[in-house]
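Peer 1: So the sequences go chain by chain: A and B. All the letters of the first sequence, read from the start, carry residue numbers 1 to 327 under full-length UniProt numbering. All the letters of the second sequence, read from the start, carry residue numbers 1 to 79 under full-length UniProt numbering. A virtual CB, placed ideally from N, CA and C, is assigned to each residue, including glycine.
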Amino acid sequence: MAERSFEVVKPGLATTVQDLGRPGYYHLGLPLSGAMDRFALIAANRLVGNPDGAAGLEAVFLGPELRFSADALVAITGAELPPKLDGVEQPLWTAFKVAAGQVLSFAFLKGGARAYIAINGGVDVPEVLGSRSTYALGALGGFEGRALKAGDVVPLGAPTTAGGEGKTLPPDGRRPAQESGVEIRVLPGLYWHRITEEAQAGFFEDTWKVAPEADRIGYRFRGGKKLDFVPRQQPFGAGSDPSNIVDSCYPYGSIQVPGGTEPIVLHRDAVSGGGYFMIGTVISADMDLIGQLQPHQPVRFQSVTLEDALTARAVETARLARLGELI
Amino acid sequence: MAKTIQAPLPGTFYRAAAPGEPAFKSEGDAVAVGDTIGLIEVMKSFTPVVAEEAGRLLAFHVENEDAVMAGQPLYDLDA
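(1) What first and last residue would you give for the beta strand (DSSP E) that runs through A/Q302?
(2) Using the three-state DSSP reduction, which class does B/T12 fall into: helix, strand or coil?
(3) Measuring alpha carbon to alpha carbon, tell me which residue in A/K209, A/R46, A/F143, A/E58 is nearest A/Y116.
(4) Taking the C-alpha atoms as reference points, what is the distance between A/K226 and A/V48?
(5) For A/F106 and A/P82, which I take to be in contact (beta-carbon distance under 8 Å), what is that distance rounded to the nearest angstrom?
(6) Would you decide whether A/A100 is buried or exposed? Buried here means 16 or more other CB atoms lie within 10 Å of its CB.
(7) Quick check on A/M278: does DSSP put it in helix, strand or coil?
(8) Have a look at A/E65, A/P126, A/A270 and flag the residue whose alpha-carbon is nearest the alpha-carbon of A/G12.
(9) For A/D124 versus A/K97, is the C-beta distance shorter than 9 Å?
(10) Can the beta-carbon of A/Y25 be found closer than 9 Å to that of A/L129?
(11) Should residue 362 of chain A be flagged as near chain B, meaning a C-beta pair shorter than 9 Å?
(12) Let me know if B/V33 comes out buried or exposed under the rule of 16 or more other beta-carbons within 10 Å of its beta-carbon.
(13) Under the rule that 16 or more other beta-carbon atoms within 10 Å means buried, what is B/G20, buried or exposed?
(14) What beta strand (DSSP E) runs, 3 residues minimum, are completely inside the UniProt domain "Lipoyl-binding" (2 to 78) of chain B?
(15) Could you tell me if B/K25 is buried or exposed, where buried requires 16 or more neighbouring beta carbons within 10 angstroms of its beta carbon?
(16) Looking at chain A, is there any beta carbon in it that lies within less than 9 Å of the beta carbon of B/E63?
(17) Secondary structure at A/Q18, three-state DSSP: helix, strand or coil?
(18) By the three-class DSSP mapping on this structure, what secondary structure does A/M1 have?
(19) Please check if any C-beta of chain B sits within less than 9 Å of the C-beta of A/M1.
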């Protein structure tokens, strides 16, 4: 057993080791991976005195149960998944001490989708192509390339800073889970002309609901009107369905609509290319937000310009910079 | 004493393993620890809702294929 570690008593639904990801290999088909809500992971790391890119755990919908072999400092951020230490509820967005032998568990999810568990010293699994993030579809990185299972003993690194117990991010610095009125900003893309004007308008007017199968690969939505395509003779190399194109790269955040029926926003574990047309791309500032959407949650897409997208990115950067002052 | 059992995670609730198959449990049935009460589908996987307490199932709060939130009441148990 590693010097510092935790043992997985119950794994939760799909708890994975994630850091800020593995950029630079998408052209080889290896996705970014990393936390679906990067802001929450960075905040959790800062609270326990870790570097921003230290590996933590991403727990989705259902929290794990972990027994610690050594004293640790832990912070939970992101979704409202209330942590408990030996059964006693602990605050969110706050660093708390865990003594060797204690068990960290979670109450039912109250809001959002993904909670981040940062532990001082970070999760010490081997780096693969510069990242400790789990890419489960490719059985790469993380803990043995997969979600945690009961009985796993997961090694922790040595803490680099001392103390920090009780450190908290004030509520106005957090991003609470939005229950209603979620708007996802989209920059229409290269294939925008493929759908009719009516379909273009309908896509942004309709309310879409998160499909239960939405995951780290893609967030699928349903409930809006089927998109009609502008008739054309399909070019050589494209499939016969009007939603097919000649194979192309799929950007992170791009929205493909197979058959024109259910939009899928490609997220951190996405495939890198294929033959479905993309209506546009979700702006980078809103990708964290998608990672916190629950099944059946209603959302609307909002059309923005490149200028709007860059302004939103600057706002996000400023919010991250403010973390430094708040923690 | 009657108590309400909550959904452990969000998703779509199913009372049977597949369409056309008999329900795992009906109202009035006896429930033993470890019995499957239903399934919750999320992220392409079906998580069984397993009884952690024995008793008699009094009533369901949700229908087959209903969307459920974590913490939402699923059924009442006379434990």
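Peer 2: If we stick to the structure as given:
(1) 298 to 303
(2) strand
(3) Taking the Cα of A/Y116 as reference, the smallest distance to any Cα among A/K209, A/R46, A/F143, A/E58 is reached at A/E58.
(4) Approximately 47 Å, taken between the alpha carbons.
(5) Between A/P82 and A/F106 the Cβ distance is about 6 Å, and since that is below 8 Å, they are a contact.
(6) exposed
(7) strand
(8) A/E65
(9) no
(10) yes
(11) It is not possible to answer for residue 362 of chain A, since the shown part of chain A is limited to 1 through 327.
(12) Taking all protein chains shown into account, B/V33 has fewer than 16 neighbouring C-beta atoms within 10 Å of its C-beta and is therefore exposed.
(13) exposed
(14) Here the runs fully enclosed are 2 to 6, 11 to 14, 36 to 42, 45 to 50, 55 to 60, 73 to 78.
(15) buried
(16) Judged by the 9 Å Cβ criterion, B/E63 is not in contact with chain A.
(17) strand
(18) Legend: pLDDT at A/M1 = 46, less than 50; position of this residue unreliable, no value from coordinates given.
(19) Low per-residue confidence applies at A/M1: pLDDT is 46, beneath 50, and the placement is therefore not dependable, though the value from the model is reported in the following sentence. False, the Cβ-Cβ gap to chain B never drops below 9 Å.
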